[in-house]
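Numbered by the UniProt record's numbering, the letters in the sequence shown go through residues 1 to 450 in order. A virtual CB, placed ideally from N, CA and C, is assigned to each residue, including glycine. Since this is a predicted model, take the numbers as computed values, not measurements.
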Amino acid sequence: MSRLDTTPRLSPLPLTTLVSTDLIGVTRGRSFPSDELAHYASAGCGWVPANSALTPQDIIAASNPWGAHGDLRLIPDLSSRVTVDNGPDSEAPALDFIHCDVRETDGRPWGACPRTLLQDEVERYRTALGLQVYAAFEHEFNLNATPALPDRLAFSLQAQRQQAGFAGWLLGALRAGGVEPEMFLPEYGKHQYEITCRPSLGVAAADRAVNVREISREIARQMGLDLSFAPKTAENAVCNGVHLHLSLQDLSGDPVLHDAASANGLSSLGRHWAAGVLHYLPALCAFTAPTPVSYERLQPHHWSASHACLGQRNREAALRICPTVSLGGKPVANQYNLEFRAVDATASPHLAMAAVLIAGRLGIEQCLPLNAVTDEIPDELDEAQRRERGIIALPTTLAQALDCLRHSGALFEALPRPLVETYFALKAQELALTEALSPAERCEHYARIY
Ligand code: GLU
Ligand code: MG
Numbered sequence: 001m002s003r004l005d006t007t008p009r010l011s012p013l014p015l016t017t018l019v020s021t022d023l024i025g026v027t028r029g030r031s032f033p034s035d036e037l038a039h040y041a042s043a044g045c046g047w048v049p050a051n052s053a054l055t056p057q058d059i060i061a062a063s064n065p066w067g068a069h070g071d072l073r074l075i076p077d078l079s080s081r082v083t084v085d086n087g088p089d090s091e092a093p094a095l096d097f098i099h100c101d102v103r104e105t106d107g108r109p110w111g112a113c114p115r116t117l118l119q120d121e122v123e124r125y126r127t128a129l130g131l132q133v134y135a136a137f138e139h140e141f142n143l144n145a146t147p148a149l150p151d152r153l154a155f156s157l158q159a160q161r162q163q164a165g166f167a168g169w170l171l172g173a174l175r176a177g178g179v180e181p182e183m184f185l186p187e188y189g190k191h192q193y194e195i196t197c198r199p200s201l202g203v204a205a206a207d208r209a210v211n212v213r214e215i216s217r218e219i220a221r222q223m224g225l226d227l228s229f230a231p232k233t234a235e236n237a238v239c240n241g242v243h244l245h246l247s248l249q250d251l252s253g254d255p256v257l258h259d260a261a262s263a264n265g266l267s268s269l270g271r272h273w274a275a276g277v278l279h280y281l282p283a284l285c286a287f288t289a290p291t292p293v294s295y296e297r298l299q300p301h302h303w304s305a306s307h308a309c310l311g312q313r314n315r316e317a318a319l320r321i322c323p324t325v326s327l328g329g330k331p332v333a334n335q336y337n338l339e340f341r342a343v344d345a346t347a348s349p350h351l352a353m354a355a356v357l358i359a360g361r362l363g364i365e366q367c368l369p370l371n372a373v374t375d376e377i378p379d380e381l382d383e384a385q386r387r388e389r390g391i392i393a394l395p396t397t398l399a400q401a402l403d404c405l406r407h408s409g410a411l412f413e414a415l416p417r418p419l420v421e422t423y424f425a426l427k428a429q430e431l432a433l434t435e436a437l438s439p440a441e442r443c444e445h446y447a448r449i450y
């Protein structure tokens, strides 16, 4: 080409994607040229009801309520936009997406949208209880290179150095995307790491969990690394958990879970809230530990959760009172939070958080008494001791968890019918599609998907 050649050159258009993170925690959407955002801002883009019945196996559940019918809109929540410029791959287009609520074409809420469910529940906390919800999700994951890197020791600087390049890009990208990252740390497992970020209010906390997952995947993709958040990526692997930290504030932002005068620091409101979560925990697992492989993780001695109990210094407790620091005169009350440990990344963050909030609210409304508080390892107690303390076992399969949900009374009743029907249809199909897999195959299968 001569220097005088003035033929216009084609250049790629920057794209923005409208996304919905669905019932199985998969983020899906449609993209358009970013300079046309104004055109999509109020009426969004089209969406298909049956998309919500997709299984992780990429097959739409046969008996879903929608079939070939209907049309929906993805309506962007412009305040949730995430823009991250290209990272380690300088040719990669910027990542630019906006979380959406799924609505009917006339703008009415759609009954099977998990983000709307969470939005509504957060609003109920505000109007019915005068509370706001502050939350953060911690994520563990496996990060592997090809050819495989040597194994490094747990929590070691060597393990951190092995992925220091990834860590730097990831934290930079998260910060650019508004995620407020806190820590990147090597975990106990081989090639296992963890990322934590600061809490945020209401729906933004679940959006942020999606942002962590998608930005991590993007950086890994650009670096040619293999990243998986799946609860167990190989039969002998240490499990990847997601820990959901929750605290409640009154409408002026003052923390309400803490009472310095009580034995474990939990306020009377906090006790009812925790009692609700523990009471409904077996049913909550249907949303928080929602795939067959989740039950490879929800086992005794995995530092995850096998029983419904509340503990203060107990990583085998499904609900844990997190440590607070009084060093340097730091105020304790606004650090005080409860960690729900029975979640993994095959769950929709919006659905999982909404379900936990509903259970906690029912605990407050029904003034449930708090039992099952222990720093003992539930699995090391005998059946009679567990009964005496009110500690109940969690489901050991997804089918059991779905059964618990079906029979959970007030929790089940609090969920919108279209969402529940779609969820049961897709989970039934998922169970059928995966029943022939051996435990090792199940781990590999879900490691590839999540
Ligand atoms: N890997 C554990 C899990 O599956 C959590 C370990 C920890 O407490 O950080 O939840
Ligand atoms: Mg951890």
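Residue i, buried or exposed, once every other Cβ within 10 Å from all chains shown has been counted against 16
| i | result |
| --- | --- |
| residue 162 | buried |
| residue 236 | exposed |
| residue 341 | buried |
| residue 325 | exposed |
| residue 306 | buried |
| residue 62 | exposed |
| residue 22 | buried |
| residue 332 | exposed |
| residue 41 | exposed |
| residue 406 | exposed |
| residue 52 | buried |
| residue 442 | buried |
| residue 250 | exposed |
| residue 188 | exposed |
| residue 137 | buried |
| residue 36 | exposed |
| residue 396 | exposed |
| residue 191 | buried |
| residue 146 | exposed |
| residue 224 | exposed |
| residue 243 | buried |
| residue 440 | exposed |
Check: residue i C-beta below 6 Å from any heavy atom of ligand 2
| i | result |
| --- | --- |
| residue 444 | no |
| residue 194 | yes |
| residue 413 | no |
| residue 497 | For residue 497 there is no data in the structure shown, the boundaries of the chain being 1 and 450. |
| residue 140 | yes |
Residue range of the unbroken alpha helix (DSSP H) whose run includes residue i
| i | result |
| --- | --- |
| residue 443 | 439-449 |
| residue 431 | 417-434 |
| residue 114 | 114-124 |
| residue 299 | Here residue 299 belongs to no alpha helix (DSSP H), and DSSP marks it neither H nor E. |
| residue 356 | 349-365 |
| residue 221 | 203-223 |
| residue 282 | 281-288 |
| residue 496 | Outside the displayed range of the chain (1 to 450) lies residue 496, so it cannot be described from this structure. |
| residue 37 | 37-40 |
Check: residue i C-beta below 6 Å from any heavy atom of ligand 1
| i | result |
| --- | --- |
| residue 79 | no |
| residue 303 | yes |
| residue 239 | yes |
Residue i at chain B interface by Cβ criterion, 7 Å
| i | result |
| --- | --- |
| residue 398 | The structure shown contains no chain B; it is built from a single protein chain. |
Residue i - containing beta strand (DSSP E), residue span
| i | result |
| --- | --- |
| residue 196 | 192-197 |
| residue 18 | 15-21 |
| residue 339 | 338-343 |
| residue 33 | 27-33 |
| residue 185 | 181-186 |
Beta-ladder partner(s) of residue i, from DSSP
| i | result |
| --- | --- |
| residue 73 | 46 and 103 |
| residue 407 | Its beta-bridge partners do not exist; DSSP assigns none. |
| residue 228 | 142 |
| residue 57 | Answer is none; residue 57 lacks a bridge partner. |
| residue 369 | Per DSSP, none; premise fails for residue 369. |
| residue 307 | 393 |
| residue 249 | 132 and 255 |
| residue 378 | For residue 378, which the question treats as bridged, DSSP gives no partner whatsoever. |
| residue 200 | 135 |
| residue 320 | 311 and 339 |
Nearest-angstrom Cβ-Cβ length linking residue i and residue j, presumed shorter than 8 Å
| i | j | result |
| --- | --- | --- |
| residue 337 | residue 246 | 6 Å |
| residue 447 | residue 127 | Rounded, the Cβ-Cβ distance is 42 Å, inconsistent with contact. |
| residue 170 | residue 197 | Rounded, the Cβ-Cβ distance is 11 Å, inconsistent with contact. |
| residue 230 | residue 450 | 4 Å |
| residue 77 | residue 101 | 7 Å |
| residue 59 | residue 433 | 7 Å |
| residue 480 | residue 239 | Residue 480 is absent from the structure shown; the chain starts at 1 and stops at 450. |
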